[in-house]
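Per my numbering, the very first residue in the sequence shown carries number 1345; after that it's consecutive.
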Amino acid sequence: MRLDRAFFARDVLEVARDLVGRVVRHTTPEGAVAVRLSEVEAYAGEADPGSHAFRGPTPRTRVMFGPAGHAYVYFSYGMHWCVNLVCGAEGTASAVLLRAGEVVEGLELARSRRPAARRDVDLARGPARLTQALAVTGVLDGIDVCGPGPLEVLPGNPVADGEVVWGPRVGVAGAGAPTPWRVSVVNDRTVSDYRVGGRRSPGSRGPGPRT
């Protein structure tokens, strides 16, 4: 049974922490692929200089300002997709970026979508790889993950507090750089490498995958 809206309609940090260990599953005509999340990042909307929503609503970020439990999918670097889950009260534009995880269903299908991956631990190790393995694209932007539909978040196996670590978000620079809102499973090989963001002014867009 998929997680309901009440799960997502909470503070972004609570949701981010609780998403680690959960399973995101996408069903397509080819079949289903599911990834158990090992790494996510929290973004707090207009209160967060690292967020796409920091300067207010735009056509691109309108989904973030809507109700919790919807997917915000955007194109990054002009090359790949990133998927986020909107959370908190409507209008706050909070969201959690899904960064990495382990493929736990549809392994062969995920391998076919990620032929460059030499190891299975690399199939969804990073936000772009995760969306490639799941076949998530902009078509799913705004989809309700709590209602009937191809994209869902399942209970999975929640991770104990002693097995997770918080740190700075990947690729975020400026005023949002030091914010320790990246949560990941300790010593999990599917967690992506940390990368410091480039120099930029507060509130401007940095180079990395962000919400």
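All C-beta atoms in this analysis are idealised placements derived from N, C-alpha and C, irrespective of residue type, glycine included.
Judged by their CB atoms, Val1527 and Trp1510 are nearer to each other than the 8 Å cut-off.
Judged by DSSP in its simplified three-state form, Leu1495 adopts strand.
In the DSSP annotation of this structure, the continuous segment of the alpha helix (DSSP H) that includes Thr1475 starts and ends at 1471–1478. Closest in alpha carbon position to Thr1523, among Met1345, Pro1512, Asp1362, is Pro1512. Met1423 counts as exposed, since fewer than 16 other beta carbons sit within 10 angstroms of its beta carbon. Here Val1368 is buried, its C-beta having at least 16 other C-beta atoms within 10 Å. Between the alpha carbons of Val1489 and Asp1505 lies a distance of about 26 Å. For Arg1462, the secondary structure class from DSSP, reduced to helix, strand or coil, is coil. Assignment of Leu1347 by DSSP, reduced to helix, strand and coil, places it in the coil class. For Leu1484, the closest of Phe1419, Asp1348, His1396, Asp1355 by C-alpha to C-alpha distance is Phe1419. When secondary structure is reduced to three states using DSSP, Ala1378 falls in the strand class.
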